[in-house]
Every structure is written in C-alpha cells, then in structure tokens.
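Enquirer:
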Amino acid sequence: MSKNQEKSLWKRNVLVLWFGVFMTGIALSEVMPFLSLYIDTLGHFSKNQLTFYSGAIFSVSFLVMAIVSPLWGNLADRKGRKLMMLRAALGMAIVLFLMGYVTNVWQLFILRALQGATGGYISNSNALIATQTPKEHAGHALGILVTGMTAGNLLGPLFGGTLASVVSYRMSFHITGIILFLVFILTMFFVKEEPHVAPADSNPTSTADLWHALPNKQLIFGLFITTMLVQTVNTSINPIISLFVRELTNNSNNTTFLAGVVAAMPGIATVFAAPQFGKIGDRVGTHRMIKIGFCIAIAALVPTAFVTSVFMLMVFRFIIGISDATMLPAVQTLLSKNSPSAMTGRIFSYNQSFQSIGSVMGPMFGALVASVFDYRGIFIFSALLIVLNAILFNFNTKSLRK
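Using our numbering, you'd call the opening residue of the sequence shown number 1 and step up by one each time.
What follows is the structure, encoded as structure tokens:
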C-alpha cells in the first residue's frame with residue numbers, strides 16, 4: 001500500500017468512526033429528558049412507582065454493559081474489532097427501533113438491558129484507530145474520536161428532547177434506530193481494518209504482578225473511588241430530571257425540550273471549562289484542583305434543592321459541569337502521573353469500570369432518595385456524597401502532600 005493510500009485510509013476510518021461514536025453517544029444519552037415521561041405512558045403508576053421504574057430502566061443498560069464489556073473485548077482481540085463494531089451498531093439499531101413498540105415497562109426494561117449488552121462500538125473504535133493509524137497521527141486521530149463521543153453525550157439530551165417534542169417518544173426511538181443502522185452500513189463499507197498479529201515473543205507481565213509492585217496502591221484505588229462517587233452524583237438526577245422539570249413548569253407543553261436543555265448544561269460547561277482548569281491545575285497542583293471541584297459542587301448542589309424555576313435549575317446544573325471540569329480531568333492526570341507505564345492502560349480501564357459502576361449506582365440511589373424525600377432530596381443526598389468523597393480523597397492523597 002502506498003503512503004498516499006495509507007494516509008487516505010486512516011483519515012477515512014477516523015471520519016466514519018467519528019460519526020459512529022457521535023451517534024452512539026447520542027443513543028446512550030438521548031432518552032434522559034423523556035424516559036420517565038415515556039414510562040408514564042405505559043401504565044398507571046404512582047409517583048413512587050414511576051420514580052423507581054425510571055431509575056431501574058435507566059441504570060440497567062449500564063449494569064449489563066459493565067458485565068459484558070470484558071467478554072466483547074476478549075472476542076474483539078480474537079475475531080477483529082470491525083466485526084465487533086458491526087455487531088454493536090446493528091444490535092443498537094434493532095434494539096432502539098424496537099423500543100418504539102413497547103407496550104409495558106418490562107418490555108422496555110428488557111430492551112434497555114439488551115442495549116447495554118450490544119455495547120462496544122466506542123471502545124473498539126478507539127482500539128482500531130490506535131492500532132491502524134500511523135504512530136505520528138494516532139494521538140490526533142484519537143483526540144478527534146473523543147470529540148465525537150463528547151459531542152454525542154452533550155447533544156444527546158437536547159437531540160432527544162427536541163426530537164420527542166417535534167415528533168413523539170416512539171418515533172424518536174425509530175429515527176435513532178434508523179440512524180444507527182446507517183452507522184452499521186457506513187462501518188461495513190468504509191472502515192478498513194488490517195489484521196493485527198501480536199509479536200511471537202511477547203510475554204506481558206500479569207496484572208497481579210504489576211499491581212503488587214505498584215508503589216502507591218492507596219492513592220490509585222482512592223482515585224477510582226473518587227471517579228465512582230463523582231459519577232454517582234452526576235447521574236443521580238437522570239431518571240427524574242424530566243419529572244422535576246415538569247413539576248417546576250406546572251406540566252408545561254415544552255417539558256421535554258426544557259429537560260433536554262437542563263440535561264445538557266453540565267456537558268456544555270465541562271467542554272468550555274476543562275481546558276482552562278487544566279492549565280490552572282498545572283500551576284497550582286492537580287490534587288488542589290480536585291478539592292476546588294468538591295467545593296464548587298457542594299456550593300451548587302445545596303441551593304439546587306430549593307430552586308423555584310427551570311432557569312435556576314439550568315444555572316446550577318451548569319455550575320455542576322464546572323465542578324466536573326475541575327475534578328474528572330484532574331483525576332485522569334493524577335492516575336497517569338502515579339501509574340507505571342506498563343500498567344497505565346489497565347489503570348485507566350479500571351477507572352472506566354468504576355465510572356460505569358457510578359452510572360449504575362447514581363440512578364438507583366437517586367430513585368430511592370426521591371421516593372423517600374421527593375425530588376429535591378436528591379440534591380442534598382448528592383451534596384453529602386461529595387462531602388464523603390472529599391474526606392476520602394483527603395485521606396488517600398496524604399502521600400502527595402508529604
């Protein structure tokens with residue numbers, strides 16, 4: 001293959017996979033503004049029942065994804081990453097399309113679980129680009145893919161809320177399913193994967209041996225816990241966000257759209273604030289930035305429990321995004337600085353697993369707290385979680401202060 005062909009090939013892969021991860025990000029987050037409202041159309045539920053079903057149905061997808069991801073990853077290493085992307089895209093397309101036909105909550109619950117089981121498009125896209133792109137362009141290519149996933153998660157709630165307002169809840173699932181089928185077609189015909197053969201003399205050190213030799217296990221594990229609790233707080237409002245907006249607007253006709261805007265606020269703030277806070281962290285210390293993030297989060301969560309308008313809710317959710325911009329990138333930086341090079345990839349994968357656990361815990365805890373203390377209680381509960389997180393972080397980072 002000539003150099004020009006090679007250059008054209010990896011650029012085409014990046015372009016197609018950017019669209020794929022962008023739509024996958026949208027598919028994972030678009031239901032946030034209207035999932036509970038859709039569930040409300042599937043039966044006659046009390047307020048507590050609706051809150052519980054919303055939490056369970058929202059989180060089951062992440063739970064199943066956390067369980068099956070290692071299995072798909074192992075299969076990808078043996079059968080090829082493109083095949084796994086085709087499986088994920090087609091599976092998501094079928095499952096999303098079928099969600100528009102459900103007649104009861106249990107059918108929706110099963111399909112959300114299947115959506116989690118069909119995951120793997122994003123992880124395999126990153127792996128394919130990392131291995132198939134020339135080394136001098138790999139970092140740039142992976143950075144482009146990250147923007148696709150971030151943009152998808154950011155615009156997903158707004159896209160879903162707008163789509164549901166213009167057409168209907170059911171048609172929103174149909175349209176998303178059709179777009180994901182387009183992703184499947186584009187991946188099949190335009191993504192090229194060259195076979196990758198591991199060196200015959202490769203003898204990687206086992207994870208157990210590397211972990212045993214890790215100089216600061218307490219710090220690393222503490223950062224995992226920090227990530228998990230931050231994600232728990234971030235997702236605790238997800239199942240009831242549209243119900244809370246509906247309560248604040250007295251059953252306004254544009255509830256779904258407003259819920260989409262509210263859900264998008266943290267992502268918008270994070271995109272704008274993260275680069276600036278990263279520069280500040282380099283000057284004042286990364287662990288100090290995380291502590292500043294804790295303070296910002298508490299300052300936003302407590303007054304959120306007393307908001308009386310959607311606009312106030314949007315403002316405080318935007319501030320939560322600023323706190324995320326100080327904490328999450330800083331955690332990644334600390335992990336990178338305190339991990340041996342031979343284990344950096346695995347350390348980051350473990351951190352991702354803890355983040356997924358937080359995505360499961362958040363909606364379930366949020367639904368439970370809302371059923372006992374109403375929607376506003378979620379924000380007080382989240383503020384208490386941040387306080388606990390700050391205490392644990394202060395204890396686990398004492399080696400940095402020394």
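Virtual Cβ for every residue (Gly too), placed ideally from N, Cα, C. The structure presented is a predicted model; accordingly, all values stated were derived computationally and were not measured.
Below 6 Å CB to CB, which residues in the same chain sit around T397 once its five sequence neighbours on both sides are set aside?
Expert: Only H287 meet the Cβ criterion.
Enquirer: With a cut-off of 8 Å, do at least 3 Cβ pairs link the region 57-77 to the region 354-361?
Expert: The region 57-77 vs the region 354-361: in contact.
Enquirer: Assess contact between the region 102-120 and the region 32-45, defined as three or more Cβ pairs (one per stretch) separated by less than 8 Å. Is contact present?
Expert: Judged by Cβ distances under 8 Å, the region 102-120 makes contact with the region 32-45, as three or more pairs qualify.
Enquirer: Leaving out five residues before and five after A164 in sequence, what residues of the same chain have Cβ atoms less than 6 Å from its Cβ?
Expert: Result list for A164: F34, S172, T256, in chain order.
Enquirer: Skipping 5 residues on each side, what residues in its chain have a beta carbon closer than 8 Å to that of M149?
Expert: The answer, listed in chain order, is V21, F22, T24, G25, I122.
Enquirer: Would you tell me roughly how many angstroms separate the C-alpha atoms of V68 and F244, rounded to the nearest one?
Expert: Cα to Cα, the separation comes out at about 33 Å.
Enquirer: Three-state secondary structure (DSSP) at P239?
Expert: It is helical.
Enquirer: Can you give me the C-alpha to C-alpha distance between F393 and G377, rounded to a whole angstrom?
Expert: So the alpha carbons of these two residues sit roughly 24 Å apart.
Enquirer: Secondary structure at F306, three-state DSSP: helix, strand or coil?
Expert: Here F306 sits in coil by DSSP.
Enquirer: Ordered along the chain, which non-local residues of its own chain (more than five positions away) have a Cβ less than 8 Å from that of T187?
Expert: Hits under 8 Å: V16, L17, G20, K82, M85, L86, A89.
Enquirer: For L385, tell me which candidate among V14, G366, N253, A151 has the shortest Cα-Cα distance.
Expert: Checked all of V14, G366, N253, A151; the closest Cα to L385 is G366.
Enquirer: In its own chain, which residues sit with a C-beta less than 6 Å from the C-beta of T235, not counting the 5 before and 5 after it?
Expert: Excluding residues within five positions, the ones whose Cβ falls inside 6 Å are S359, G362, P363.
Enquirer: Would you kindly work out how many angstroms separate the C-alpha atoms of L155 and L9, rounded to a whole number?
Expert: So the alpha carbons of these two residues sit roughly 28 Å apart.
Enquirer: Which whole-angstrom value describes the C-beta separation of G177 and L96, a residue pair presumed to lie in contact below a C-beta threshold of 8 Å?
Expert: Contact holds; Cβ gap of about 4 Å.
Enquirer: On the criterion of 16 or more Cβ atoms from any shown chain inside 10 Å, does L229 qualify as buried, or is it exposed?
Expert: The residue in question, L229, is buried, as its Cβ has 16 or more Cβ neighbours within 10 Å.
Enquirer: State buried or exposed for V372, treating a residue as buried only when at least 16 other CB atoms are found within 10 Å of its CB.
Expert: Burial call: exposed.
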